[in-house]
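In my numbering, the protein residues as written are 1 to 126. C-beta: ideal position from N, C-alpha, C; glycine also. Bear in mind the structure is a predicted one, so any value in this text is a computation, not a measurement.
Right, dumping it as structure tokens:
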């Protein structure tokens, strides 16, 4: 039963990871940081213009941080939900499930299966 709970939690993680838009939020943060660096290195701008652009980028990065943090908390909560529900109805304790999930062979096996699945998915649907 613990294996089934683990598989379900991993599937929830994969779906939630895509649904929360973490990658898009991270790309926004990187784009903002790159824009700030380009502004700092722009020799056609004076110091005041650079300062205003960097301040705007700083606010944008703070917003990105908050967005990524909230999305990560939602992702982790959704992933933990099946583990908690299974414990609540008496299928397996949280400790037993997390202990199983923390084993090196489970981590390696799950990683290989997920990476292979993503690779095959991208081959089928480019």
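Item checked: Under 9 Å between C-beta atoms of residue 12 and residue 81 -> yes
Next item on the list: Rounded to whole angstroms, what's the CA-CA distance from residue 50 to residue 71? Just pull it up for me.
Entry: 31 Å
Notebook entry, point to check: How many Å lie between residue 84 and residue 20 at the Cα?
Noted result: 20 Å
Notebook entry, point to check: If you drop the 5 nearest sequence neighbours on each side, which residues of the same chain put their C-beta closer than 7 Å to that of residue 92?
Noted result: 1, 2, 5 and 86
Checklist line | Sequence-distant residues of the same chain with beta carbon closer than 7 Å to residue 26, five excluded per side | finding: 68
Notebook entry, point to check: Between which two residues does the alpha helix (DSSP H) harbouring residue 91 extend?
Noted result: Premise fails: residue 91 is in no alpha helix (DSSP H) and is neither H nor E.
Check: With respect to the alpha helix (DSSP H) encompassing residue 122, which residues constitute its N-terminal and C-terminal limits?
Finding: 104-124
Note to self: Let's see if you can read the secondary structure: which residues bound the alpha helix (DSSP H) around residue 44?
What the structure shows: Residue 44 -> no alpha helix (DSSP H), and no H or E assigned at all.
Checklist line | residue 101 - DSSP class collapsed to helix/strand/coil | finding: helix
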